[in-house]
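Engineer:
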Amino acid sequence: MNPQLTNPRADEIDAILKRLPFAQTLGMRCEVLGDEMTAILPFQEKLIGNVAIRALHGGAIASFLELTAMLQVFLVSDMPRPPKPINLTTDYLRQGHAKDLYARAYVLKMGRRMASVRAEAWQENRAEPVTALMAHFLVASD
Amino acid sequence: MSDTPRPQYDIAAIMNENINVMRDVVPWANETRFRVTKVEKGHVFGIQPWEAHLVGDPETGVIHGGVITTFLDNLCGMACTSAMTEMRFVATIDLRIDYMRPAEKGREIIGEAECYHLTRTVCFTRAWAYHETRDKLIATAAGTFAINKARLGGSKK
Chain Y
2 MNPQLTNPRA DEIDAILKRL PFAQTLGMRC EVLGDEMTAI LPFQEKLIGN
52 VAIRALHGGA IASFLELTAM LQVFLVSDMP RPPKPINLTT DYLRQGHAKD
102 LYARAYVLKM GRRMASVRAE AWQENRAEPV TALMAHFLVA SD
Chain H
70 MSDTPRPQYD IAAIMNENIN VMRDVVPWAN ETRFRVTKVE KGHVFGIQPW
120 EAHLVGDPET GVIHGGVITT FLDNLCGMAC TSAMTEMRFV ATIDLRIDYM
170 RPAEKGREII GEAECYHLTR TVCFTRAWAY HETRDKLIAT AAGTFAINKA
220 RLGGSKK
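Chains as they are written, first to last, in my numbering: chain Y, 2 to 143; chain H, 70 to 226.
1) Can you list the residues of chain H that residue 46 (chain Y) reaches, using a CB-CB cut of under 9 Å?
2) Helix, strand or coil for residue 74 (chain H)? Go by DSSP, reduced to three states.
3) Apart from the five residues just before and just after residue 118 (chain H), which ones in its own chain have a Cβ nearer than 6 Å to its Cβ?
4) Return the chain-ordered ranges of every alpha helix (DSSP H) run that is complete within the segment 118-188 of chain H and spans a minimum of 4 residues.
5) On the three-state DSSP scale, how would you describe residue 54 (chain Y)?
6) Please classify residue 36 (chain Y) as buried or exposed, where buried requires at least 16 neighbouring CB atoms within 10 angstroms.
7) Leaving out five residues on either side along the sequence, give the residues of the same chain with a beta carbon under 7 Å from the beta carbon of residue 70 (chain Y).
8) Interface residues of chain Y around residue 122 (chain H) at Cβ under 8 Å?
9) Restricting to runs no shorter than 4 residues, where is the alpha helix (DSSP H) found entirely within the segment 43-107 of chain Y?
10) Return helix, strand or coil for residue 102 (chain H), following the three-state DSSP convention.
11) Among the residues of its own chain, which have a CB less than 6 Å from the CB of residue 113 (chain Y), if the five just before and after it don't count?
12) Going by DSSP in three states, residue 16 (chain Y) sits in which element: helix, strand or coil?
13) Closer than 8 Å, CB to CB, is residue 216 (chain H) near chain Y or not?
14) At the level of alpha carbons, what is the spacing between residue 63 (chain Y) and residue 128 (chain Y)?
15) Report back the beta-carbon spacing between residue 116 (chain Y) and residue 84 (chain Y) to the nearest angstrom; my notes put them in contact at under 8 Å.
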C-alpha cells in the first residue's frame, strides 16, 4: 500500500470503534480509503427485529447509520473526538433482510458549529437503499 | 372486501397481558434490554435500563443515541397497534429523533409513546424519553408508521 494514499484519521476511526461498547455490541466495522469510508454491519441474529419475516430491526439499522454519519464527520474534520448528534431523521425505504448491511455517509455541509450529514444503508444493490438517514451534529468544541 | 363486520378487540388489554412476550420475540429489543411497563389504548410506557454494553461515549458512560432510537421506535410502533380495534402490525415509514440532553450514566430512562392519529393506512406518533418528568427531556421522537394488511405472519416492527 502506498502510505501517501492513506488517511491518518483511518486508524483513529478503528480505535474509536474498538473503545465504543455500543459499536462492539452492534458488531460494526469500517473500511477507509482516503476520505471515503464504507461501514459494514455483518449480519447477526441479535440484530433481528421480527423473527417471523427475519427482518433487521429498524433501531439497529438507525444506530448503525448514526454511527456511520458520526464517524464520517470525524474522518473529514480535525475534531479531537467524534461529534454529538443534535437530531436525525430515518427513512425506512425497504425491508432489511437477514444479511450484511453496508453504509456510506456524505457530509453535505461542514459548518463551524454544525455539520449536516446524509447516510444510506444498502444490501445487495447500492441503488436500492434499505434505509436513509439525515442527521445534524454539533462540531463546535465549546 | 366482505360485508361481514370484522370482530373488534381491546388490543391494548391483549398487549398488557402479553407485555413480556412482546419483547422476547424481538431479538434486538432483548439485546438493548428495554421493558414495556404499561399499555393503554394509543399510549405505551417503557423503561430503558443503563447497561455497560450500550455505552456510546466511554468518557462519560452515557448510552448511545441509537439505543434511545431503538427504544422509542419500538414504543411508537406498539402505540400504533394499541390504538387499533383489530390486530395489525406496523412498519416504520420514518422516525425523527431530537436529542435534548445526554442521559445520565447508570440511570434508567423512561419512555412514553402515543399514537395521536390513525388513518386506514398510516399511524402518526410522538414519543418522549426522560429520567423523571417530561419537563426535563432527554429526547423526543416523531414517527409515522404504515399499517400492514391483515394477514398472518405480516410484517411487524
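Note that CB positions come from ideal geometry on N, CA and C, so glycine has one too.
Structural biologist: From the atom records:
1) Chain H residues near residue 46 (chain Y): 96.
2) If DSSP states are grouped into helix, strand and coil, residue 74 (chain H) belongs with coil.
3) Non-local beta-carbon contacts of residue 118 (chain H) in its own chain, meaning distances under 6 Å to residues more than five positions away in sequence, involve 102 and 177 in chain order.
4) With a minimum length of 4 residues, the continuous alpha helix (DSSP H) runs that stay inside the segment 118-188 of chain H are 134-151.
5) Secondary structure at residue 54 (chain Y): coil, using DSSP grouped into helix, strand and coil.
6) Per the 10 Å Cβ criterion, exposed.
7) Excluding the 5 residues flanking it on each side, residue 70 (chain Y) has same chain C-beta neighbours closer than 7 Å at 106, 118, 120, 134 and 136, in chain order.
8) Ordered by position in chain Y, the residues that pass the 8 Å Cβ test against residue 122 (chain H) are 22, 23, 25 and 26.
9) Those alpha helix (DSSP H) runs which fall completely within the segment 43-107 of chain Y and span 4+ residues are 59-77.
10) Coil at residue 102 (chain H), not helix or strand.
11) Contacts found: none.
12) Residue 16 (chain Y): helix per DSSP, three-state reduction.
13) No, residue 216 (chain H) does not count as interfacial toward chain Y.
14) Between residue 63 (chain Y) and residue 128 (chain Y), the C-alpha separation is close to 19 Å.
15) Going by Cβ atoms, the distance from residue 116 (chain Y) to residue 84 (chain Y) rounds to 6 Å, so yes, they are a contact pair.
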